[in-house]
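Only one structure is covered here, and it is reproduced in the block below.
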Amino acid sequence: AQTVTQSQPEMSVQEAETVTLSCTYDTSESDYYLFWYKQPPSRQMILVIRQEAYKQQNATENRFSVNFQKAAKSFSLKISDSQLGDAAMYFCAYRIGGTSYGKLTFGQGTILTVHP
Amino acid sequence: DVKVTQSSRYLVKRTGEKVFLECVQDMDHENMFWYRQDPGLGLRLIYFSYDVKMKEKGDIPEGYSVSREKKERFSLILESASTNQTSMYLCAGGRYNEQFFGPGTRLTVL
Numbered sequence: 008a009q010t011v012t013q014s015q016p017e018m019s020v021q022e023a024e025t026v027t028l029s030c031t032y033d034t035s036e037s038d039y040y041l042f043w044y045k046q047p048p049s050r051q052m053i054l055v056i057r058q059e060a061y062k063q064q065n066a067t068e069n070r071f072s073v074n075f076q077k078a079a080k081s082f083s084l085k086i087s088d089s090q091l092g093d094a095a096m097y098f099c100a101y102r103i104g105g106t107s108y109g110k111l112t113f114g115q116g117t118i119l120t121v122h123p
Numbered sequence: 156d157v158k159v160t161q162s163s164r165y166l167v168k169r170t171g172e173k174v175f176l177e178c179v180q181d182m183d184h185e186n187m188f189w190y191r192q193d194p195g196l197g198l199r200l201i202y203f204s205y206d207v208k209m210k211e212k213g214d215i216p217e218g219y220s221v222s223r224e225k226k227e228r229f230s231l232i233l234e235s236a237s238t239n240q241t242s243m244y245l246c247a248g249g250r251y252n253e254q255f256f257g258p259g260t261r262l263t264v265l
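Top to bottom, those sequences are chains A and B.
Sequential numbering from 8 applies to the first sequence in my numbering.
Sequential numbering from 156 applies to the second sequence in my numbering.
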């Protein structure tokens, strides 16, 4: 079975600084996708960024980027120029490729605090 | 904007009651999911559905059932609520590369 591990229950960062959230996963599959989701306090969870395992290039979305290390099974999220609105719970998630109906396996989550 | 709505934000029920959690999506997505979210455990998949009247067990289906009579609606049923089902329940709809989540229902079973 696939597992996703986020070893940092809580992280904090100063506004305008950079922070990296860690995620490791375990799978024997070669075709899969990785995601970071953001859950702001009392608000709906939204997708931050997505990485296809077959792509060597790391995904980026504005201030958010990932460091995808396939051999190490590591998928970290870097947030640059942190803003107060980045404060949230962040979840790393995995999906097997093919006809999996999009089922996701989530990590435990990391609470990110942004200090002004 | 795509939208997933859940019938209640907060719900308090008694042990042994039958509980219905409703989820509606307006995205015409085939796939819908029910998760529970607990501190330190992340989100765990209870059930999912890939078409009307079709359902599959997730990782923790015990004590739950689901119903999908219409494409836009996916219901989670607790046949006889127990205190260990106190949790946040999240519904999601989506295709392969993104899931859209509802706001969640915080269920307390006394």
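Where a beta carbon is used, it is the ideal one built from N, C-alpha and C, also for glycine.
A direct Cα-Cα distance of roughly 44 Å separates residue 59/A from residue 171/B. In the DSSP assignment, residue 81/A falls within the unbroken beta strand (DSSP E) covering 81 to 86. The bridge partners DSSP lists for residue 169/B come to none. Contact annotation, residue 181/B with residue 253/B: C-beta distance approximately 15 Å; criterion of less than 8 Å not satisfied.
Taking every protein chain shown into account, the CB of residue 188/B has 16 or more other CB atoms within 10 angstroms, so this residue is buried. According to DSSP, residue pairing for residue 186/B in a beta bridge involves 249/B.
Three or more beta-carbon pairs separated by less than 8 Å link the stretch 86 to 101 of chain A to the stretch 15 to 31 of chain A, which places the two stretches in contact.
Below the 7 Å Cβ cutoff, chain A contributes 51, 52 as neighbours of residue 256/B, in chain order. Here the stretch 73 to 81 of chain A makes no contact with the stretch 112 to 121 of chain A; the two share fewer than three CB pairs at distances below 8 Å. Taken through DSSP and simplified to helix, strand or coil, residue 239/B comes out as helix. Beta bridge pairing from DSSP links residue 100/A with 42/A, 113/A. Only residues of its own chain outside the window of five on either side were considered, and among them 205, 206, 226, 250 have a CB closer than 8 Å to the CB of residue 185/B, listed in chain order. Within chain A, no C-beta atom comes less than 8 Å from the C-beta of residue 219/B; the nearest is roughly 16 Å away. For the stretch 238 to 253 of chain B, the beta-carbon criterion of a distance under 9 Å to any beta-carbon of chain A is satisfied by 245, 247, 249, 250, 251, 252, 253. Against residue 175/B, chain A offers no close residue; the least beta-carbon distance is about 21 Å (beta-carbon pairs closer than 8 Å).
When secondary structure is reduced to three states using DSSP, residue 214/B falls in the coil class, being assigned neither helix nor strand. In this structure residue 93/A is buried. Its beta-carbon is surrounded by 16 or more other beta-carbon atoms within 10 angstroms. The C-alpha of residue 191/B lies about 14 Å from the C-alpha of residue 221/B.
In this structure, 158/B is the residue among 164/B, 200/B, 202/B, 158/B with its C-alpha nearest to the C-alpha of residue 183/B. If you check each beta-carbon in the stretch 104 to 119 of chain A against every beta-carbon of chain B, the ones closer than 7 Å belong to 108, 109, 110, 111, 113, 114, 115, 116.
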